[in-house]
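Engineer:
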Amino acid sequence: MTEVVLLPLFILLTSLGVAPLIFALPERAAKLRTAINLTAAAAKVALVAWLSWKVSQGVIYEVQFEMLPGLAFKLQADPLAVLFIALSAVLWLITTVYAVGYLEKGPHRSRFFGFFSLCVAATVGIAMAGNLFTFLIFYELLTLATYPLVIHRGTAEALRAGRIYLIYTLCGGLALLLGTLWLYVMAGTTDFVPRGVMAEVVAETPVQAQLLFLVLIAGLGVKAALVPFHAWLPIAMVAPAPVSALLHAVAVVKAGAFGIMRVVYEVFGIDVAQGLGVTTPLLAFAAVTILYGSVRALMEDDLKKRLAFSTVSQVSYITLGVALASPIAAIGALAHLTHQGLMKITMFLAAGNLAEGLGVKKVSQLDGTGRQMPGTMLAFTLAVLAMIGLPPLAGFVSKWYLASGGLGSGQGWVIALLIGSSLLNALYFLPIVHRAWFRDADGAPAVPGRPRIGWLLTAPPIATATLVVVAGVFANAPFSPLEWTRFIVAREYLEPLP
Amino acid sequence: MADLAGIDWAVAAVLLPLIGAMACFAVPRAAATIGLAAVAVTGAAALALGLQVAAEGALTVPLGGWGAPLGIDLRADGLSVVMLVMTAGVGLLVSLSALGERDARRRRYFWPLWLLLLTGLNGVYLSGDLFNLYVMIEVISIAAIGLTVLRGNLAALKAGLEYLFASMVGAILFLLAVGLVYLNYGRLDLSGLAGIAGAGDAVLAAVLALTLVGMALKTALFPLHYWLPAAHAGATAPASALLSALVVKASLYIVLRLFQYLVAPSEVMVTLIGALGATAMLWGGIQALRAPRLKLLVAWSTVAQVGLIFVAFARAGADGTAESWKAAALIMLAHALAKAAMFLAAGRIKDEVGHDEIARLDRSPIRPTLAQFTFALAAISLIGLPPTAGFAGKWMLMEGAIAAGYWHWVVVTLVGTLLSVAVFSRVLAGFLRFDRVRGPLGEHQGWALADAPPLVLALGALGLGLIAVQVLAFLEIGAPLGGTTGVWP
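These protein sequence lines are chains A and B, in that order. Reading the first sequence from the start, the letters are residues 598 to 1095 in this note's numbering. Reading the second sequence from the start, the letters are residues 965 to 1453 in this note's numbering.
1) In the structure shown, what three-state DSSP assignment does Pro-837/A receive?
2) If you draw a straight line from the alpha carbon of Gly-972/A to that of Leu-1054/A, how long is it in whole angstroms?
3) Could you check where the beta strand (DSSP E) with Met-664/A kicks off and where it finishes?
4) With distances taken from CA atoms, which of Ala-854/A, Ala-815/A and Pro-803/A is nearest Gln-871/A?
5) Residues of chain B with CB under 9 angstroms from Arg-760/A, in chain order?
6) Please report the distance separating the alpha-carbon of Met-965/B from that of Asp-972/B.
7) Would Ala-1335/B and Pro-1418/B qualify as a contact pair, given that the criterion is a beta-carbon distance under 8 angstroms?
8) Mind checking the segment 1353-1373 of chain B against chain A and listing, in chain order, the residues whose C-beta falls within less than 8 angstroms of any C-beta there?
9) Quick check on the burial criterion: 16 or more other C-beta atoms within 10 angstroms. Buried or exposed for Phe-710/A?
10) Output the boundary residues of the beta strand (DSSP E) element that contains Pro-1026/B.
11) Give the residues from the segment 1147-1159 of chain B that approach chain A closer than 9 angstroms (Cβ to any Cβ), ordered along the chain.
12) Considering only the alpha carbon of each residue, which of Ile-1344/B, Ser-1204/B and Gly-1238/B lies closest to Gly-1424/B?
13) Give me whichever residues DSSP pairs with Gln-673/A in a beta bridge.
14) Please go through the same chain and pick out, in chain order, the residues whose beta-carbon is closer than 7 angstroms to the beta-carbon of Gly-1051/A, but skip the five residues on each side of it.
15) Bridge partners of Asn-728/A, per DSSP?
16) Label Met-1296/B either buried or exposed according to how many other C-beta atoms from any shown protein chain fall within 10 Å of its C-beta, with 16 as the threshold for buried.
17) Would Thr-752/A count as contacting chain B if we go by Cβ distances under 8 angstroms?
18) Is Ala-922/A helix, strand or coil by DSSP?
19) At the 8 angstroms Cβ level, is Ile-1322/B part of the contact set with chain A, yes or no?
20) Which of the three DSSP states is assigned to Asp-1093/B in this structure?
21) Under three-state DSSP, which class holds Arg-1115/B?
22) Leaving aside the five residues before and after Leu-934/A along the sequence, list all residues of the same chain whose C-beta is less than 6 angstroms from its C-beta, in chain order.
23) Run the proximity test for Ala-883/A: is its beta-carbon closer than 7 angstroms to any non-hydrogen atom belonging to the ligand ADP?
24) Can you find a CB in chain B that lies within less than 8 angstroms of the CB of Val-782/A?
25) Any chance the segment 860-867 of chain A sits against the segment 805-817 of chain A, with 3 or more Cβ pairs inside 8 angstroms?
26) With contact counted as at least three CB pairs below 8 angstroms, one residue from each stretch, are the segment 1420-1438 of chain B and the segment 778-791 of chain A in contact?
27) Please tell me whether Ala-1184/B and Trp-1191/B are closer than 8 angstroms, where the distance is taken between their beta carbons.
28) Using a C-beta to C-beta distance shorter than 7 angstroms, which residues of chain B count as neighbours of Leu-756/A?
29) Does the beta carbon of Thr-1338/B come closer than 8 angstroms to any beta carbon on chain A?
30) For Val-945/B, go through chain A and note every residue whose CB falls closer than 8 angstroms to its CB, in chain order.
31) Verify whether the separation of the beta carbon atoms of Ala-718/A and Leu-609/A is less than 8 angstroms.
32) With a CB to CB cut of under 6 angstroms and the five nearest residues on each side skipped, what residues in its chain are close to Val-1385/B?
33) Would you mind telling me which residues of chain B sit closer than 9 angstroms to Glu-797/A, beta carbon to beta carbon, in chain order?
34) Hey, could you find the ends of the alpha helix (DSSP H) Arg-859/A is sitting in?
35) Where do the N-terminal and C-terminal ends of the beta strand (DSSP E) with Arg-1039/B fall, by residue?
36) Taking the alpha helix (DSSP H) that Lys-1096/A falls in, what are its first and last residues?
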């Protein structure tokens, strides 16, 4: 059932519409700005809750108008979109609270929050894009909106990082543009349709279809930080903590992973892609990325860089689940989209607190931080345990489904890969926990005196850590990420072929 | 016929600015008021003509009741109207920002020159015959050279002189072409000539070659672009905006029309045009990367964009597909809006900061935020990122190229796009850099009225991308871009 109403447009406007308002506010109107930000974020959560309810009842929303001959700007709220929007809406609210506390009295707050809103608007647009053309529009908007956030501090180092970020993402964007054009010329449409639109093209010109897949995945792989397109991610760590948190949890890397999902499931169709023989190379890239990211994370002493390489590795779980071409693994992949977001944002917010409150930026300086910042470090520890995959936390659920999916599709080696990766996770994360709780601070802390961070900074990581626990423990409850995921996978795998 | 519907809007669009120009010259004290009023009324006439064309289809107006081939026809179809309305819109906003000019001498001469320019531009877009086109393009040249030297310093005079030479040589070549046509066919009206065009006609090939070289000189296609950077970068901000956004479009329009009606370019010529266009994109980009000053960078970007438009022409010529003509028209529109916005924004930045040396911009504590934002928006359209008009044009160009299997044009366009990213990010990164600032940083500068016209132009470039379908549909009225050369619709 398809219902044409403007709900998706309103959800987009809660962030796209407030951005110009925030840009226009003078720097000193901090209270008004915060009020606008939080109202918009809360309104979005409420609207998304309503949307999820309607979509779970089988309603699919669609808004479109023609932009170029034959090509529509199309927003569509299907179950897959709702999963991503819900994640971004909730995390936007939490991160906004955090950013308000983090940037207190800092310069250029109007600019920051304006681009922050644009960035979230782009994420929502990516989630709701009803065709690859619309996806591309928001994919580029995301690049443009995150660049000023990455270089927010305006230092030479930040600018260098920004330049590298821009080179990578714009080249990726161009590859995606080329792919979208080519897809349009070959298939005559860029619409996302469950089970894909490429069956005929693949039957006629398989080699071109393979090339097209390569171009599209290369374009998306840049943002998803697939090896060898990952180098920008650790460098972009110079961004302020709330930006890193959002970049790693929902915005940029997830946009790439989500795009890969759309391309495999709804442009090519999973059966067609498998028949074309392109899922196996994708699987190999994902596996390599998972191991490479983990190994590099092990070698980093800088806390944020370690987290960044961990993201490189963890996001590829999603690609892995997609490429395994089994419904069970797909459930794991989709659940991980949400779970990884919750876990990683907790870690980055905690890392931001450590840097702000204690001046601690390296793993080797973490001794005794558990006693100095119990709330923050408790949240961090929960996220770490979940990431390693300790039951019943969120990360365990995703890994369980990925492993069963691997077994089910006759790819037993995936289990070895997952165990190896979990082992590496433990190796690079547990020392952090150990230092924080079981070692005393030797000598004076990096910044003397009690940490002075307010509840605005402490509450958000605790909230997200709570969500990590809830998502794992209540994985079988209705509207949990896992349940929703099963709903989506039924659509992508069981819907009759068009 | 005294009612409004009886007015010949096409004639009004040419005569009104001419009357305005004379009035401005006669009463210099009221030049700004008269000028603005004349631009507004001309714009209204263009809109009215547009409504008329939308309702009734393409129009032909025989001047004085003498039709072609004896008299002169004015003709308005979808393409003419789109160009007219674009000129009116950009012209009005640039006029508004020119109101801020304080120098009395420049104020006195700016308005008559600009209105003369408007006369010529509207004349070109409405001409239905070759000689009329020649006269109007000359009117444009004279006014444009006047605007170039308006600043009055030595550099401006030098740039103006170079522009004058290029423009005169271009005009002579075009006049030769027109003479050849008259000598051989005894008529100059495009509607009559359209039927004559035949493949392999040596005279027509010569005509086309002469026109192309002439127009390449006037529009600054590589390697005949040498005069443009100095001329466009050295003028005052509103004059630069007019020169870059509107003046180069007139000669591009003539090329487009001649390809369409007179003779289809041969394969060799198409390849040559495309190759020159591609080189212009690269060379313009590289020079923009090295440009020390902001306005010079913007001027070099015009050279690159003209190259892109010629690539679109070439794509259309080889296969004769209407899609590529439309792509070229869209890119011309997008460039007009974005480039005007960019030159005005650059002028604002220069006024506020006091200089426009790119390397030193990030040292100034003064940050004209809104002008910088406008510059960024315009850059997004010129780069061709979605959902701007520039994107729509590039999309159509590459879609046509892929569909026809011309992958080399796709590669050229993508490389040019990357180069323009490099060019503009060079400027934009500096806007956000703060660690080299000398002196205490000012607060949010607030809003200035002078920032409004460029911002509206840049938003227009963005918004035009969203209504590209409607613009393209309008372009088809009277089938000016039908794709079959030699048929007058």
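For each residue, glycine too, the CB sits at the ideal point set by N, CA and C. All values reported here derive from a predicted model rather than from experimental measurement.
Structural biologist: Looking at the coordinates:
1) In the three-state reduction of the DSSP assignment, Pro-837/A falls in the coil class.
2) A direct Cα-Cα distance of roughly 10 angstroms separates Gly-972/A from Leu-1054/A.
3) Following the DSSP letters along the chain, one finds Met-664/A inside the beta strand (DSSP E) bounded by residues 657-665.
4) Closest in alpha carbon position to Gln-871/A, among Ala-854/A, Ala-815/A and Pro-803/A, is Pro-803/A.
5) Within chain B, the residues placing a beta-carbon under 9 angstroms from that of Arg-760/A are Ser-1389 and Ala-1393, ordered along the chain.
6) Low confidence applies to Met-965/B: its pLDDT is 37, below 50, so where it sits in the model is not reliable, and the reading given next is rough at best. Distance between Met-965/B and Asp-972/B, taken at the CA atoms: about 11 angstroms.
7) Result yes, Cβ atoms of Ala-1335/B and Pro-1418/B sit closer than 8 angstroms.
8) Taken in chain order, the members of the segment 1353-1373 of chain B whose beta-carbon sits within less than 8 angstroms of a beta-carbon on chain A are Ala-1356, Trp-1359, Met-1360, Met-1362, Glu-1363, Ile-1366 and Ala-1367.
9) Buried, by the Cβ-count rule.
10) Run containing Pro-1026/B: 1023-1026, per the beta strand (DSSP E) assignment.
11) So the list is empty, because no residue satisfies the distance condition.
12) Among Ile-1344/B, Ser-1204/B and Gly-1238/B, the Cα nearest to that of Gly-1424/B is on Ile-1344/B.
13) Answer is Glu-659/A, bridged to Gln-673/A.
14) Within the same chain, Cβ atoms closer than 7 angstroms to the Cβ of Gly-1051/A are found at Gly-698, the five residues on either side in sequence being excluded.
15) According to DSSP, which records beta bridges pairwise, Asn-728/A is partnered with Asp-788/A.
16) Buried is the call here.
17) Output row for Thr-752/A: interface = yes.
18) Ala-922/A falls in the coil class under three-state DSSP.
19) No - not a single Cβ of chain A is within 8 angstroms of the one on Ile-1322/B.
20) Asp-1093/B falls in the strand class under three-state DSSP.
21) Residue state for Arg-1115/B is assigned as helix, using DSSP reduced to three classes.
22) Residues Ile-915 of the same chain have their beta carbon placed closer than 6 angstroms to that of Leu-934/A, with the five preceding and five following residues left out of the count.
23) Because no ligand of any kind appears in the structure shown, any question about the ligand ADP cannot be addressed here.
24) Residue contact check for Val-782/A against chain B: a CB pair falls below 8 angstroms.
25) They touch, by the three-pair rule.
26) The count of Cβ pairs closer than 8 angstroms, one atom from the segment 1420-1438 of chain B and one from the segment 778-791 of chain A, stays below three, leaving the stretches out of contact.
27) Yes, these two residues count as a Cβ contact at 8 angstroms.
28) Among the residues of chain B, those whose CB is under 7 angstroms from the CB of Leu-756/A are Ala-1393 and Arg-1397, following chain order.
29) Look at Thr-1338/B: its C-beta is not under 8 angstroms from any C-beta on chain A.
30) This structure does not reach residue 945/B, given that chain B is present from 965 up to 1453, and the question cannot be answered.
31) In this structure, the beta-carbon distance from Ala-718/A to Leu-609/A falls below 8 angstroms.
32) Within its own chain, the residues whose Cβ lies closer than 6 angstroms to the Cβ of Val-1385/B, once the five positions on either side in sequence are excluded, are Ile-1347, listed in chain order.
33) By Cβ distance, chain B contributes nothing, its closest Cβ being about 17 angstroms from Glu-797/A, past 9 angstroms.
34) 849-859 is the extent of the alpha helix (DSSP H) around Arg-859/A.
35) Unbroken beta strand (DSSP E) run through Arg-1039/B: 1037-1040.
36) A query on residue 1096/A cannot be resolved here, the shown segment of chain A reaching from 598 to 1095 and no further.
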